[in-house]
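Visitor: Chains as they are written, first to last, in the numbering used here: chain W, 1 to 309; chain Y, 1001 to 1062. Note that the Cβ used here is the ideal one computed from N, Cα and C, for glycine as well. Keep in mind it's a predicted model, so treat the numbers as computed, not measured. Dropping the structure in here first, questions after.
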Amino acid sequence: MADVTASVPHDYEPTFGDYVALMKPRVMSLVVFTALVGLLVAPVSLHAVEAFAAILFIAIGAGASGALNMWYDADIDAVMRRTAKRPVPSGRVDAGEALAIGVGLSGISVVMLALATNLLAGFLLAFTIFFYAVIYTMWLKRSTPQNIVIGGAAGAFPPLIGWVAATGSVSIEAVLMFAVIFMWTPPHFWALALFMRSDYDDAGVPMLTVTHGRKTTRNHILAYTVLLAPVPVWLALTSVGGPVTLIVAVALNAWFLWGAYKIWRRDEVMAEADNFQVEKAFFRFSLYYLFAHFGALLVDYALKAGGVI
Amino acid sequence: MDLKATHELHQRRLSRNVGVALTLVFFVAVVFGLTVVKVTSGEAVQGFDHTVRPELLPVETN
């Protein structure tokens, strides 16, 4: 954890930007977006200030769990090219400081979310931080190749928390929004693992590509994509869905299935021959996939609010 | 070493201090805003302030 190589001078003092980087701002942007959608499409509307505070504290909670992840994973982050420049492995922020920020912000975000909205939302945020920092980062990530599957739940909670912040209870729509992200995470990360293999190999993280081989990973990507496909369609048929959500769900999942099928059909010789073009395209598409589904929910919400549908 | 010289370290420290200060001011503003919203959208709290004061409760018309 703490004994990582520091590439900056010993007397380096972190800037405010280093602290911001500790909270994984790119992940936070996805959290803010999905939580906002969950909160807006809910049948109960909050006062604008309460809604803003809810999104803010959900985002801070996500940032806090990111800081805890960076504190604990500094040793493997230092080995992987993709993560070596993060604040803790690069030596810009002390590991102890990252831990203090993570714990402090976790407490503030949970208490403030509970006060701003309701206790259940606060509890779910606390559970999400615990799940990501302890269950995923400390336990599963280094012990099982199914780490991505179970860890994906942490990333899937924000829209559900947004919904609960507004309504105070869990319903089928919230669970389906959770399920979309939960089922989307494995194919998304395994596609990345297929073309970033040396990183995970070097760090000794038991990714499916390392433990069970690349053919098995390709099989898993197809299987999870098949299981994922009906979930957004079902979501589109609930009270939060609408024509835009349904069209996006059918079109993007057909495309996603086709991509997963192409990945499944390929072997390593073919993949290396074109420098993993299909895998890279699938990964890029998976990013738009999630934004498009939640964006479609927002469009349908706006159409309903405007009286168009 | 000239103690008055501004080292690059001081600039980093300043950026951090200003950032933390602005964050704290923003946090205070959020808590204040939330308090105003909660108090103004709530029930008639004054009528139950420590002792029940019926004269402060809204009058029922029927």
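Could you say which of Gly17(W), Val31(W), Met70(W), Leu99(W) lies nearest to Ala54(W) if we only look at CA atoms?
Guide: Counted from its first residue, the first sequence places residue 54(W) at position 54. Cα-wise, what sits closest to Ala54(W) is Val31(W).
Visitor: Mind listing the chain Y neighbours of Leu36(W)? Cutoff is C-beta to C-beta under 8 Å, in chain order.
Guide: One-based indexing of the first sequence puts residue 36(W) at position 36. Near Leu36(W) there are no residues of chain Y at all, since even the closest Cβ is about 16 Å away, more than 8 Å.
Visitor: Report yes or no: is there a C-beta of chain Y within less than 7 Å of the C-beta of Glu13(W)?
Guide: The sequence position of residue 13(W) within the first sequence is 13, counting from 1. Yes, contact with chain Y.
Visitor: Does any residue of chain Y bring its CB to less than 7 Å from the CB of Val49(W)?
Guide: For the purposes of this step, residue 49(W) is taken as the residue at position 49 of the first sequence. Taking Cβ atoms only, chain Y reaches closer than 7 Å to Val49(W), which makes this a yes.
Visitor: Give the residues of chain W in contact with Gly1042(Y), contact being defined as C-beta atoms less than 7 Å apart.
Guide: Against the second sequence, residue 1042(Y) aligns to sequence position 42. Within chain W, no residue comes near Gly1042(Y); the closest Cβ sits about 11 Å away, beyond 7 Å.
Visitor: Please give me, in chain order, every unbroken run of the alpha helix (DSSP H) with length at least 4 that falls completely inside the stretch 120-207 of chain W.
Guide: 147-167, 172-195, 197-203
Visitor: Hey, could you find the ends of the alpha helix (DSSP H) Thr238(W) is sitting in?
Guide: By one-based count along the first sequence, residue 238(W) stands at place 238. That residue, Thr238(W), is in no alpha helix (DSSP H); it is neither H nor E in DSSP.
Visitor: Within 10 Å of its beta-carbon, does Asn275(W) have 16 or more other beta-carbons around it, so buried, or fewer, so exposed?
Guide: For this step, residue 275(W) is matched to residue 275 along the first sequence. Result: exposed.
Visitor: Output, in chain order, the set of chain Y residues within a Cβ distance shorter than 7 Å of Ala116(W).
Guide: Here residue 116(W) refers to the residue found at position 116 of the first sequence. Chain Y residues near Ala116(W): Leu1034.
Visitor: Could you check if Tyr136(W) is buried or exposed, using at least 16 other CB atoms within 10 Å of its CB as the buried criterion?
Guide: Within the first sequence, the letter at position 136 stands for residue 136(W). Buried: at least 16 other Cβ atoms inside 10 Å.
Visitor: Assign Glu13(W) to one of three DSSP states: helix, strand, or coil.
Guide: If you number the first sequence from 1, residue 13(W) lands on position 13. Glu13(W) falls in the coil class under three-state DSSP.
Visitor: Mind checking if Leu1057(Y) is an interface residue toward chain W, Cβ cutoff 7 Å exclusive?
Guide: As a working mapping, residue 1057(Y) is identified with position 57 in the second sequence. Taking Cβ atoms only, chain W never reaches closer than 7 Å to Leu1057(Y), which makes this a no.
Visitor: Counting contacts by CB-CB distance shorter than 7 Å, is Ala358(W) in contact with chain Y?
Guide: Shown here, chain W extends from 1 to 309; a query on residue 358(W) therefore has no answer.
Visitor: I'd like the span of the alpha helix (DSSP H) that includes Gly38(W), first residue to last.
Guide: Here residue 38(W) refers to the residue found at position 38 when the first sequence is read from its first residue. In this chain, the alpha helix (DSSP H) harbouring Gly38(W) covers 25-41.
Visitor: Tell me which residue opens and which closes the alpha helix (DSSP H) that Gly96(W) is part of.
Guide: On the first sequence, residue 96(W) is found 96 positions in, with the first residue counted as 1. Its alpha helix (DSSP H) spans residues 95-116.
Visitor: Determine, for Phe182(W), whether the minimum Cβ-Cβ distance to residues of chain Y falls below 7 Å.
Guide: Against the first sequence, residue 182(W) aligns to sequence position 182. For Phe182(W), the answer is no, since every Cβ of chain Y falls outside 7 Å of its Cβ.
Visitor: Buried or exposed for Leu192(W), please, with buried defined as at least 16 other CB atoms from any protein chain shown within 10 angstroms of its CB.
Guide: Indexing the first sequence from 1 puts residue 192(W) at position 192. With 16 or more other Cβ atoms within 10 Å, it is buried.
Visitor: With distances taken Cα to Cα, identify the nearest neighbour of Ala48(W) among Pro1058(Y), Val1037(Y), Gly1019(Y).
Guide: As a working mapping, residue 48(W) is identified with position 48 in the first sequence. Measuring from the Cα of Ala48(W), the nearest candidate turns out to be Val1037(Y).
Visitor: List, from N- to C-terminal side, the alpha helix (DSSP H) runs of 4 residues or more that fit wholly inside the stretch 252-303 of chain W.
Guide: 268-273
Visitor: Does the distance from the C-beta atom of Ala296(W) to that of Val244(W) stay below 7 Å?
Guide: Sequence index remark: in the first sequence, residue 296(W) carries index 296 (1-based). Sequence index remark: in the first sequence, residue 244(W) carries index 244 (1-based). Yes, these two residues count as a Cβ contact at 7 Å.
Visitor: Using three-state DSSP, classify Thr1035(Y) as helix, strand or coil.
Guide: Your numbering for residue 1035(Y) matches position 35 in the second sequence. Three-state DSSP puts Thr1035(Y) in a helix.
Visitor: Under 7 Å, do Val110(W) and Leu124(W) count as touching if we go by C-beta distance?
Guide: Taking the first sequence and counting its residues from 1, the one referred to as residue 110(W) is at position 110. Taking the first sequence and counting its residues from 1, the one referred to as residue 124(W) is at position 124. No; because the gap between Cβ atoms is not below 7 Å, this pair is not in contact.
Visitor: Could you give the first and the last residue of the continuous alpha helix (DSSP H) run that contains Met80(W)?
Guide: Position 80 of the first sequence, counting from 1, holds the residue named residue 80(W). Note, Met80(W): premise wrong, no alpha helix (DSSP H); not H, not E.
Visitor: First and last residue of the alpha helix (DSSP H) that includes Thr216(W)?
Guide: As a first step, residue 216(W) is located in the first sequence; it is residue number 216 there, counting from the start. First-last of the alpha helix (DSSP H) with Thr216(W): 214-228.
Visitor: Does Val1039(Y) get closer than 7 Å to chain W when you measure Cβ to Cβ?
Guide: For the purposes of this step, residue 1039(Y) is identified with residue 39 of the second sequence, where counting begins at 1. Val1039(Y) does not count as touching chain W.
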